[in-house]
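Structure, as structure tokens:
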Amino acid sequence: MSVDRELARQHLCNLARRYARPGPRYTSYPTALDFGPLSAGDYVQQLEQARRRANDPWSAYIHVPFCAKRCDFCACSVIASPQHERVAAPYVDDLIREIELVSAQIGSRRRLAQLHLGGGTPTYLAPAQLERAIQAIAREFLRDPEGEWSMELDARATTAAHIELIGEYGFDRVSLGVQDLDPDVQAKIGRIQSAAKITEVVRGCRRAGVGGVNFDLVYGLPGQTLDSLRRTISGVLELLPDRLAIYGYAHMPWAPGRGNQRRIDAAALPDPQQRLELLLATRELLLDAGYQAIGMDHFALPEDPLARADRAGTLMRNFMGYTVRAGADLLGFGVTAIGEVGGAYVQNHSKLVHWRQAIQRGELPTARGLVRSREDELRGTIIAALMCEHRVDKRAIEARFSRGQWRFDERFAADLAELRGPLADGLITDDPAALTLTETGKLFVRNVAMAFDQRLRDRRALATPAPTPARVPIAAARKAASPRFSATV
Ligand code: SF4
119 MSVDRELARQ HLCNLARRYA RPGPRYTSYP TALDFGPLSA GDYVQQLEQA RRRANDPWSA
179 YIHVPFCAKR CDFCACSVIA SPQHERVAAP YVDDLIREIE LVSAQIGSRR RLAQLHLGGG
239 TPTYLAPAQL ERAIQAIARE FLRDPEGEWS MELDARATTA AHIELIGEYG FDRVSLGVQD
299 LDPDVQAKIG RIQSAAKITE VVRGCRRAGV GGVNFDLVYG LPGQTLDSLR RTISGVLELL
359 PDRLAIYGYA HMPWAPGRGN QRRIDAAALP DPQQRLELLL ATRELLLDAG YQAIGMDHFA
419 LPEDPLARAD RAGTLMRNFM GYTVRAGADL LGFGVTAIGE VGGAYVQNHS KLVHWRQAIQ
479 RGELPTARGL VRSREDELRG TIIAALMCEH RVDKRAIEAR FSRGQWRFDE RFAADLAELR
539 GPLADGLITD DPAALTLTET GKLFVRNVAM AFDQRLRDRR ALATPAPTPA RVPIAAARKA
599 ASPRFSATV
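Residue 497 in this note's numbering sits at position 379 of the sequence shown, with consecutive numbering throughout.
Right under this line is the structure:
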């Protein structure tokens, strides 16, 4: 390694050590932690408003919560059930009813720019069951020829018949949870999948006409070393995925719904310094292989639409992550699914039985959500600009939100004061016209975005224990303040 490169690496290491803290991924602002009760009637009102925007395209997300067995590291909302016959068919019946209920509200055959099936494991459903759900979407919506249909795949649960279906319905992109190819690491996280099976699925999808293949990798897993990671990256590069997302494993066995992580041997986890080295090594290997970095943890081949959008400053972000084709409104179908409609976030019941009962009563299965205030819109726009354009155009924000009442630098004086450290560290530049992330600063975009997250500040202030003799231990208060966030680095 050259001296310059080693110095740059050490500099990044130092920065990452200082800036690693729990924080949201900002697939939305406000985040799901701020959601409160929201009724089906509220959702109907939002749909009614959205319905009037007749020409805007829609996006849809279908959540399939089932997995045959829960992996030990998993942090997703999952129902582990080996009883496929008992759960899958009724779920699809209810899913179709939900799609029809929503469609009845917005009018059928609306243009659909984006469809994503995620989970859980969408291919837990048998091909014929999956096809019924896809057909319901195809019946109720008009597929935008410029749009994108995508599906998450677990190679272990993907059959040749699934791949045939994916080809038949013209899915544009598949996303595979690869995590790590090392057999020892796989054993330690309770997820054994061979490189051969992943290769078979990727090649099958490409032969079936799927244009884009995404891989998810995870660093910070038990037993991971720099050597094992290099072998994983080398195996991954042989398959040349178009996009990669690199997630840090967040070991939070105390958090609600993460009891499965108690099966992970905490002693086998890399320490913070090793985690950082794993992340930086992954990054270097992918950059050396010609990938373009999008923020800290996303990578795409230079000709991939995501990379092109990043260069053009036209990236967008929604609950599915970075995208180039966000519809104005996102409909969420399935248990726990989140949508975004008419300025509101809407989440379905997270308990299967409640979701099902609502649908069977002919009601939308809405449980929680949040109608964004003007302040949320303002801050959400700033955070989205940082995440997607890496720059906040202060004049544009004033033109849209201020109505001549305030100037950006005055309105956000307290927020900008929080950014003195990142400014001194060269992560941002700040001039009267714009706040801009530097190339290094793009790696710490979540830290910069957090400075504008008023709700996070409020929540942390509430969770900070009062200085009394009976106060809550600091560690417990930290957990309460950031119960589900992963480290920013
Ligand atoms: S990691 Fe994926 S396959 Fe494993 S339990 Fe979670 S959602 Fe299911």
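Cβ atoms here follow ideal geometry from the backbone N, Cα and C, with glycine treated the same way.
From the options, residue whose alpha carbon lies closest to that of residue i
i: residue 551; options: 511, 561 and 560; result: 511
i: residue 291; options: 397, 233 and 429; result: 233
i: residue 138; options: 155, 408, 397 and 199; result: 397
i: residue 338; options: 393, 378, 351 and 124; result: 393
i: residue 531; options: 492, 191 and 569; result: 569
i: residue 524; options: 253, 390 and 496; result: 496
i: residue 231; options: 433, 579, 380 and 446; result: 446
i: residue 112; options: 526, 265 and 365; result: Residue 112 falls outside the range modelled here, since the chain spans only 119 to 607, and no answer is possible.
i: residue 502; options: 546, 440, 526 and 455; result: 440
i: residue 575; options: 253, 127, 418 and 142; result: 142
i: residue 255; options: 326, 284, 178 and 199; result: 178
i: residue 289; options: 274, 522 and 266; result: 266
i: residue 286; options: 308, 306, 327 and 319; result: 327
i: residue 368; options: 206, 389 and 125; result: 389
i: residue 269; options: 125, 214, 319 and 168; result: 319
i: residue 131; options: 298, 379 and 401; result: 401
i: residue 548; options: 247, 509 and 490; result: 509
i: residue 342; options: 317, 399, 357 and 323; result: 399
i: residue 161; options: 427, 460 and 567; result: 460
i: residue 505; options: 315, 435, 184 and 336; result: 435
Sequence-distant residues of the same chain with beta carbon closer than 7 Å to residue i, five excluded per side
i: residue 333; result: 294, 296, 354, 359 and 362
i: residue 262; result: 175, 229, 230 and 231
i: residue 443; result: 231, 232, 265 and 266
i: residue 189; result: 307, 308 and 309
i: residue 376; result: 193 and 370
i: residue 235; result: 180, 182, 269 and 270
i: residue 543; result: 133
i: residue 418; result: 360, 361, 409, 410, 412, 424 and 425
i: residue 136; result: none
DSSP three-state assignment for residue i, whether helix, strand or coil
i: residue 186; result: coil
i: residue 143; result: coil
i: residue 409; result: coil
i: residue 155; result: strand
i: residue 276; result: coil
i: residue 259; result: strand
i: residue 596; result: Residue confidence for residue 596 is low, a pLDDT of 39 falling below 50, so the modelled location carries little weight; the figure read from the coordinates is stated next. Three-state result, residue 596: helix.
i: residue 160; result: helix
i: residue 346; result: helix
i: residue 434; result: strand
i: residue 210; result: helix
i: residue 369; result: coil
i: residue 454; result: coil
i: residue 378; result: helix
i: residue 554; result: strand
i: residue 418; result: strand
i: residue 467; result: coil
i: residue 547; result: strand
i: residue 288; result: coil
i: residue 576; result: helix
i: residue 400; result: helix
i: residue 589; result: Any reading at residue 589 needs caution, since the residue's pLDDT is 43, under 50, leaving its predicted position unreliable; the model's value is listed next. Residue 589: coil per DSSP, three-state reduction.
i: residue 176; result: strand
Cutoff 6 Å; reference residue i; Cβ partners in own chain excluding five residues on either side
i: residue 280; result: 241 and 245
i: residue 494; result: 148
i: residue 473; result: 453, 466, 467 and 483
i: residue 329; result: 290
i: residue 186; result: 200
i: residue 224; result: 165 and 169
i: residue 311; result: 273 and 274
i: residue 480; result: none
i: residue 456; result: 437, 450 and 465
i: residue 123; result: none
Chain-order list of residues whose beta-carbon lies under 8 Å from that of residue i (same chain, five-residue window excluded)
i: residue 535; result: none
C-beta neighbour in chain E for residue i, strict 8 Å
i: residue 471; result: Here chain E cannot be found, since the structure has a single protein chain.
message = Taking contact to mean 3 or more Cβ pairs, one atom from each stretch, closer than 8 Å, check whether the region 553-566 and the region 153-173 are in contact.
response = no
Residue ranges of each alpha helix (DSSP H) within the region 478-519, 4 or longer = 492-507 and 512-519
key: Complete runs of the alpha helix (DSSP H) confined to the region 218-269 [at least 4 residues]   = 245-258
request  = Would you list, in sequence order, the uninterrupted alpha helix (DSSP H) runs of no fewer than 4 residues that lie entirely inside the region 298-367?
outcome  = 301-307, 313-325 and 344-356
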